[in-house]
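Here the protein sequences come in this chain order: S and U. Following my numbering, the numbering of the first sequence begins with 57 at its first residue and continues without gaps. Following my numbering, the numbering of the second sequence begins with 57 at its first residue and continues without gaps. Shown next, in structure tokens, is the structure this report addresses.
2 protein chains.
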Amino acid sequence: MSNQAVIQHLESFIPLKGIEKALLDERFILRHIKRKEKILVAGEVCRYHTFVAQGCFRMFGVDDKGFEHNIQFAAENDWIADIGSFHTQKPSQLNIEALEAGVVLQIKQQDLYFLYKNIPKLNLIFKVLIELKYIELQNRVLQNFSSTAEQRYLGFLEQYPHLSNRLPNTQIASYLGITPEFLSKVRKNIQSKG
Amino acid sequence: MSNQAVIQHLESFIPLKGIEKALLDERFILRHIKRKEKILVAGEVCRYHTFVAQGCFRMFGVDDKGFEHNIQFAAENDWIADIGSFHTQKPSQLNIEALEAGVVLQIKQQDLYFLYKNIPKLNLIFKVLIELKYIELQNRVLQNFSSTAEQRYLGFLEQYPHLSNRLPNTQIASYLGITPEFLSKVRKNIQSKG
DNA sequence: ATCTACCCTTAACCTAGCTTAAGAAATCAG
DNA sequence: CTGATTTCTTAAGCTAGGTTAAGGGTAGAT
Numbered sequence: 057m058s059n060q061a062v063i064q065h066l067e068s069f070i071p072l073k074g075i076e077k078a079l080l081d082e083r084f085i086l087r088h089i090k091r092k093e094k095i096l097v098a099g100e101v102c103r104y105h106t107f108v109a110q111g112c113f114r115m116f117g118v119d120d121k122g123f124e125h126n127i128q129f130a131a132e133n134d135w136i137a138d139i140g141s142f143h144t145q146k147p148s149q150l151n152i153e154a155l156e157a158g159v160v161l162q163i164k165q166q167d168l169y170f171l172y173k174n175i176p177k178l179n180l181i182f183k184v185l186i187e188l189k190y191i192e193l194q195n196r197v198l199q200n201f202s203s204t205a206e207q208r209y210l211g212f213l214e215q216y217p218h219l220s221n222r223l224p225n226t227q228i229a230s231y232l233g234i235t236p237e238f239l240s241k242v243r244k245n246i247q248s249k250g
Numbered sequence: 057m058s059n060q061a062v063i064q065h066l067e068s069f070i071p072l073k074g075i076e077k078a079l080l081d082e083r084f085i086l087r088h089i090k091r092k093e094k095i096l097v098a099g100e101v102c103r104y105h106t107f108v109a110q111g112c113f114r115m116f117g118v119d120d121k122g123f124e125h126n127i128q129f130a131a132e133n134d135w136i137a138d139i140g141s142f143h144t145q146k147p148s149q150l151n152i153e154a155l156e157a158g159v160v161l162q163i164k165q166q167d168l169y170f171l172y173k174n175i176p177k178l179n180l181i182f183k184v185l186i187e188l189k190y191i192e193l194q195n196r197v198l199q200n201f202s203s204t205a206e207q208r209y210l211g212f213l214e215q216y217p218h219l220s221n222r223l224p225n226t227q228i229a230s231y232l233g234i235t236p237e238f239l240s241k242v243r244k245n246i247q248s249k250g
């Protein structure tokens, strides 16, 4: 396991020259993460942009009453960071936690900015990456407004089949914005229909 | 009124050379839009990325029951487009409508791609622009999950004071994901507290 | 292998926000 | 200026989803 995973991922957008790959290889840091380990803790600055080579992570906020709300999951070949905190280097309100043991490739803000300067096409790649995430998030906002919990759950199963088999229902419920108890009711109801 | 508005806006991120400005000036199209005119209709492809020079627009989806749900507002110096449809050139499920008469500066996908190639720093600028929008949207998802309609309404007034004076409450309600009737109740309740 | 910590489900009761309806006030187009 | 269209509000009844509590099941750590 090495930085090759992230380089390969970036090359799936645009091929990179040998020198560029060497620069990338130099700046990414490989870390092994244990289950339940946090790679971002609310109140601290998000120091790394994280590429998931192996495992599954969630980013979540905690409300006034202490309830957790999942904003995003990230499994293999996905990126995760509190982008606001990462760019401003101000404290984050979010947490990123491993749902399984895993391996990540991380880069610091100043190193990523160095790479943006020295490998201009990275701007294009990361623009596309965030555009894709933006579209996903926008669809989610629309779904949340215009459909019931049951429709959203079915949509989740369809859109993220690899995740729905892998995550406990409590985590899915938190992502859908409902309680685990209600998700249980929804699932029962779906089953009874066939 | 001319393309200067958009060039000035882009220069607020990174200065541009004379040649670059000329290229930009060539490719943007100025249009006057009437109140209630749609610049994107669901079912059609989103052909333009739109910079708002004057006026106020909303992007919205329509659900199974015919209810409209506002996803985004855009006033002066903001951008609006269904980014998914714009990039894939597949039909959009969204509409963009003028809430007031206004002036927009629009660019076609192929022209924007031409500019990305010929003015590489535009990739950086548009990456930053979409990152900012992404952060906004992410905060919105979190807010929707972790607070009541009243808290969200107060948050909206604080975050978008220029919009809250300008928009009818029906539009704000649709953005907050509640009915106008319930917003009315919320407003009454806020007033009675002082 | 066993203990512990989650995880899933059920059920009774509760509440934030929706629906429907209808009138008054504001705004827009001609 | 005027009629037509939106917008805002109120109120009564309703429903999707939350809360609380409790039992059984499952998976991780040692």
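Backbone N, C-alpha and C fix where the C-beta goes; we use that ideal spot for every residue, glycine too.
Listed by chain order, chain U residues near residue i by CB distance under 7 Å
i                      : result
residue 194 of chain S : 127, 193
residue 143 of chain S : 187
residue 167 of chain S : What residue 167 of chain S touches in chain U: nothing, since even the nearest Cβ is about 17 Å away.
According to DSSP, residues forming a beta bridge with residue i
i                      : result
residue 154 of chain U : U:113
residue 89 of chain U  : U:158
residue 130 of chain U : U:113
residue 107 of chain S : S:135, S:161
residue 125 of chain U : U:117
residue 101 of chain S : S:147
Local Cβ density within 10 Å of residue i, reported as buried at 16 or more and exposed below that
i                      : result
residue 128 of chain S : buried
residue 119 of chain S : exposed
residue 248 of chain U : exposed
residue 214 of chain S : exposed
residue 123 of chain U : exposed
residue 91 of chain U  : exposed
residue 148 of chain S : buried
residue 125 of chain S : buried
residue 231 of chain U : buried
Continuous alpha helix (DSSP H) stretch holding residue i: start and end
i                      : result
residue 234 of chain S : Taken as a continuous stretch (DSSP letters only), residue 234 of chain S belongs to no alpha helix (DSSP H), as it is neither H nor E.
residue 196 of chain U : 177 to 202
residue 74 of chain U  : 74 to 83
residue 148 of chain U : Looking at the DSSP string, residue 148 of chain U is not in any alpha helix (DSSP H), and its letter there is neither H nor E.
residue 217 of chain U : 217 to 220
residue 66 of chain U  : 60 to 67
Extent of the continuous beta strand (DSSP E) run through residue i
i                     : result
residue 95 of chain S : 94 to 96
Within chain S, partners of residue i - CB distance below 9 Å
i                      : result
residue 176 of chain U : 176, 177, 179, 180
8 Å Cβ cutoff, residue i in contact with chain U
i                      : result
residue 237 of chain S : no
residue 183 of chain S : yes
residue 104 of chain S : no
Interface partners of residue i on chain S, CB under 8 Å
i                      : result
residue 200 of chain U : 197, 200, 233
residue 211 of chain U : Result: empty, since nearest Cβ-Cβ is about 13 Å, beyond 8 Å.
Chain-ordered chain U contacts of residue i [CB-CB under 9 Å]
i                      : result
residue 216 of chain S : The premise fails here: residue 216 of chain S is roughly 16 Å from chain U at the closest Cβ pair, so nothing lies under 9 Å.
residue 119 of chain S : 198, 201, 202, 203
Short CB-CB distance (under 8 Å) between residue i and chain S
i                      : result
residue 190 of chain U : yes
residue 163 of chain U : no
residue 99 of chain U  : no
residue 228 of chain U : no
residue 122 of chain U : no
residue 140 of chain U : yes
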